Structures are given as C-alpha cells and as structure tokens.
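Its first residue numbered 1, the sequence shown is counted upward by one per residue in the UniProt record's numbering.
All C-beta atoms, glycine included, are put in the ideal place defined by N, C-alpha and C.
Just so we're clear, the structure is a prediction, and the values are computed from it rather than from any experiment.
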Amino acid sequence: MEAIADAIDQHGVCRAVDLVKHFAVTHATVNNTIKRLERDGLVTTAPYQPVELTSAGSRLASQSRRRHEVVEAFLKKLGVSDQTAAIDSEGIEHHVSKETLGAMKRVLEQGWPE
C-alpha cells in the first residue's frame, strides 16, 4: 500500500510496472497482488490503467507510512545509520506489534524510561 501511495505521490499515478521495478518481482506477482487488493476493496484498476487507492487503501497506506516513520526514527535514535535504518524499517514496520510501536513512540517523544 505504501509503495502504491509513494508512486502516486511521486509520479501522479501508479502503474503495475512501477511496482514490478520497486519490488523486483514479476508482472504476474504484481498483478495477483493487485487483484487481491482490489478484491479487498483497497485499490481500483482496469486493464492497462493505473492503480488507484480507495479511501480504505489511502487510510491503510497512511497508517503504514506512520509506522514506517516511527520505526525508522527509533532505529536512528539507537544509532543506526540513516541508510540502514531506512532499509531495516521497511521490513520491521510490518511485523511490530501495537504495543512495541507505542513503546517506540514513547521513547521518541519522552526519552528512555528510567
């Protein structure tokens, strides 16, 4: 969702080929994923047309971005380099629990607990 939103923000549209390049996967993989997202009501598309986020898809993309930003900022606070924090946060954001994300936010906002 975040990659679709990013492509739309950067280029005005998101095409399947943009996602193929971003994720380094096949067109079939992207097409199957888009079909699933469409079935779930998160995107709309038509053959040879760009992928568009529904309002539910936009909300999910925004939530994903916020999670990503918190995880990346937390990793940087730990002393992880900007480049590594950007790469690592891409994977971590999808697996961190609400509790852990909340703890990360508290550390970023209030500092380390005593």
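A direct Cα-Cα distance of roughly 12 Å separates H11 from E52. Per DSSP, the unbroken alpha helix (DSSP H) holding T29 starts and ends at H27 to R39. Nearest C-alpha to S58 among D6, E114, W112 and G111: D6. Under the 10 Å beta carbon count, D18 is surrounded by 16 or more other beta carbons and is classified as buried.
Per DSSP, reduced to three states, the secondary structure at V43 is strand. Contact between E93 and S64 holds: their C-beta atoms lie close to 7 Å from each other, under 8 Å. In this structure, I34 sits near A16, with a CB-CB distance shorter than 8 Å. If you draw a straight line from the Cα of S81 to the Cα of F74, it comes to about 11 Å.
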